[in-house]
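Residue numbers (this note's numbering): 237 to 585. Glycine included, every Cβ here is placed at the ideal spot set by N, Cα and C. Model, not experiment: these values are computed from the prediction.
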């Protein structure tokens with residue numbers, strides 16, 4: 237195909253993508269409805285999370301909170317428990333905060349423009365664009381990593397996709413070509429292309445519906461795009477986790493209300509990698525009367541900017557200190573929301 241101007245490339249996208257999407261769209265539970273509540277929940281869950289992992293969470297969440305009113309009225313602890321394992325728990329808190337605001341300020345009806353949606357807690361430009369286009373047929377682009385990668389490759393654009401200016405540029409160009417009455421399908425077609433065909437490491441160029449438009453494919457340079465700024469090295473933190481058992485129950489406590497994993501339940505822990513003797517002394521100082529080390533384990537958990545290297549000490553104790561809440565196995569798995577960094581120790585208890 238002969239070279240086209242960048243704008244002409246954008247203009248050609250809908251005619252190629254929409255028929256392909258109609259034939260190849262995955263059957264995902266949140267695509268069964270264009271009801272804003274369901275689309276919104278799915279989009280928040282899908283942030284930083286694989287589709288395959290989200291499906292089960294989404295179905296359980298919808299069964300527990302079938303309406304925005306149900307979510308607004310729910311106990312936060314139940315919301316967090318159903319979110320357990322998805323990570324980025326501020327997403328769950330913001331979901332409920334937004335649900336309450338929509339119920340209180342808008343009588344349970346979602347705003348119908350991206351601009352208004354973006355003013356709600358936890359809804360950024362991408363999520364606002366997705367809801368506005370899918371639910372209300374607004375020509376509002378939803379530009380995430382998938383879309384940035386697709387457009388960088390198609391246009392051989394070497395602008396770093398980490399830069400807000402790059403995202404704004406691509407979003408503005410897309411919004412000019414959104415097809416009237418097919419805005420939601422176009423947004424989802426772009427998402428689908430990035431998730432299933434134009435993938436980061438092994439793009440399926442031979443099956444790509446827009447291959448004829450793609451400058452990177454023409455130049456045999458698909459793996460050269462998108463361009464990203466150099467990543468900052470993750471900070472490594474050592475932590476000691478105390479798995480304190482007494483009378484068939486295990487000690488847990490809440491994290492502080494600010495900072496990493498704010499307000500969530502955890503096993504008691506402290507900074508640094510303590511020796512066995514230091515760990516026993518720590519437990520004694522917290523009033524649990526340790527009587528023996530059951531075992532020690534090592535676990536690693538990676539956050540966005542930090543890697544925790546954790547040594548866990550399983551200590552049998554003779555006293556239940558009031559410093560902690562003591563919970564049995566059933567309560568730990570069903571009542572308390574433990575983030576993955578600590579939930580990975582459950583199998584060791």
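Can you tell which of 563, 282, 318, 333 has the C-alpha that lies nearest to the C-alpha of residue 483?
-> For the purposes of this step, residue 483 is taken as the residue at position 247 of the chain shown. That would be 563, whose Cα lies nearest to the Cα of residue 483.
Does the separation of the CB atoms of residue 449 and residue 249 fall below 9 Å?
-> For the purposes of this step, residue 449 is identified with residue 213 of the chain shown, where counting begins at 1. For the purposes of this step, residue 249 is identified with residue 13 of the chain shown, where counting begins at 1. Their beta carbons are under 9 Å apart, which means residue 449 touches residue 249 by this criterion.
DSSP beta-bridge partners of residue 482 = One-based indexing of the chain shown puts residue 482 at position 246. DSSP, once it has assigned bridges, lists 485 as partnering residue 482.
Does the stretch 435 to 448 come close enough to the stretch 266 to 280 to have 3 or more Cβ pairs within less than 8 Å?
-> Cβ pair count under 8 Å is below three, so no.
Does the beta-carbon distance from residue 365 to residue 334 come in below 9 Å?
-> In the chain shown, residue 365 corresponds to position 129, counting from 1. In the chain shown, residue 334 corresponds to position 98, counting from 1. 9 Å or more divides the Cβ of residue 365 from the Cβ of residue 334.
Rounded C-alpha distance that separates residue 350 from residue 398 | On the chain shown, position 114 is the one that residue 350 refers to. On the chain shown, position 162 is the one that residue 398 refers to. Each residue's CA atom was taken as its position, placing residue 350 and residue 398 some 22 Å apart.
Using DSSP with H/G/I as helix, E/B as strand and the rest coil, what is residue 529?
-> Stepping through the chain shown from its first residue, residue 529 is reached at position 293. Correct three-state label for residue 529: strand.
Tell me where the alpha helix (DSSP H) around residue 266 begins and ends.
-> Numbered from its first residue, the chain shown carries residue 266 at position 30. It is not in any alpha helix (DSSP H) - residue 266 carries neither H nor E in the DSSP assignment.
4 or more residues per run - each alpha helix (DSSP H) lying fully within the stretch 451 to 481 | Look at the stretch 451 to 481 and you find these whole runs of alpha helix (DSSP H), each 4 residues long or longer: 451 to 454.
Buried/exposed call for residue 574, threshold 16 Cβ in 10 Å = Reading the chain shown from its first residue, position 338 is the one you call residue 574. Label assigned to residue 574: buried.
Express the C-alpha separation of residue 263 and residue 509 in angstroms, rounding to a whole number.
-> The residue labelled residue 509 in the question sits at position 273 within the chain shown. The residue labelled residue 263 in the question sits at position 27 within the chain shown. Cα atoms of residue 509 and residue 263: separation of roughly 47 Å, rounded to the nearest angstrom.
Per DSSP, which residues does residue 551 bridge with? Please list them.
-> Taking the chain shown and counting its residues from 1, the one referred to as residue 551 is at position 315. The partner list for residue 551 (beta bridge, DSSP) reads 480, 529.
For the alpha helix (DSSP H) that contains residue 300, what are its first and last residues?
-> One-based indexing of the chain shown puts residue 300 at position 64. In the DSSP assignment, residue 300 falls within the alpha helix (DSSP H) that extends over 287 to 300.
Give the range of the beta strand (DSSP E) segment to which residue 561 is assigned.
-> The sequence position of residue 561 within the chain shown is 325, counting from 1. That run of the beta strand (DSSP E) goes 561 to 563.
Along the chain, where does the alpha helix (DSSP H) that runs through residue 371 open and close?
-> Translated into positions along the chain shown, residue 371 becomes position 135. Where residue 371 is concerned, the enclosing alpha helix (DSSP H) stretches over 361 to 372.
Residue 573: first and last residue of the uninterrupted beta strand (DSSP E) it sits in = What you label residue 573 is simply residue 337 of the chain shown in a count that begins at 1. For residue 573, no beta strand (DSSP E) run applies, since DSSP gives it neither H nor E.
Inter-residue Cα distance where the pair is residue 242 and residue 391 | For the purposes of this step, residue 242 is identified with residue 6 of the chain shown, where counting begins at 1. For the purposes of this step, residue 391 is identified with residue 155 of the chain shown, where counting begins at 1. Just so you know, the alpha carbons of residue 242 and residue 391 end up roughly 6 Å apart.
Check whether the stretch 545 to 560 touches the stretch 522 to 536, taking contact to mean three or more Cβ pairs, one atom from each stretch, closer than 8 Å.
-> Verdict: yes, contact present.
Go ahead and label residue 403 buried or exposed: buried means 16 or more other beta carbons lie within 10 angstroms of its beta carbon, across all protein chains shown.
-> For the purposes of this step, residue 403 is taken as residue 167 along the chain shown, with counting starting at 1. Buried, because 16 or more other Cβ atoms sit within 10 Å of the Cβ of residue 403.
Would you kindly report the start and end of the unbroken alpha helix (DSSP H) that includes residue 419?
-> As a working mapping, residue 419 is identified with position 183 in the chain shown. Residues 419 to 432.
Just mark residue 342 as buried or exposed, buried being the case when its beta carbon has 16 or more other beta carbons within 10 Å.
-> Position 106 of the chain shown, counted from the first residue, corresponds to residue 342. Residue 342 counts as exposed, since fewer than 16 other beta carbons sit within 10 angstroms of its beta carbon.
Residue 572 and residue 412 closer than 9 Å at C-beta | Within the chain shown, residue 572 is the residue found at index 336, counting from 1. Within the chain shown, residue 412 is the residue found at index 176, counting from 1. No, Cβ-Cβ distance for residue 572 and residue 412 is not below 9 Å.
Coil, strand or helix - residue 338 by DSSP = Numbered from its first residue, the chain shown carries residue 338 at position 102. Here residue 338 sits in helix by DSSP.
Find the nearest neighbour of residue 382 within the set 577, 582, 245, 285, judged by alpha-carbon distance.
-> Numbered from its first residue, the chain shown carries residue 382 at position 146. With distances taken between CA atoms, residue 382 lies nearest to 285 out of 577, 582, 245, 285.
Any idea which residues DSSP pairs residue 502 with across the strands?
-> In the chain shown, residue 502 corresponds to position 266, counting from 1. Residue 502 is bridged to 489.
Residue 311 to residue 330, Cα distance in whole Å?
-> As a position in the chain shown, residue 311 is number 75, starting the count at 1. As a position in the chain shown, residue 330 is number 94, starting the count at 1. Cα-Cα distance, rounded: 14 Å.
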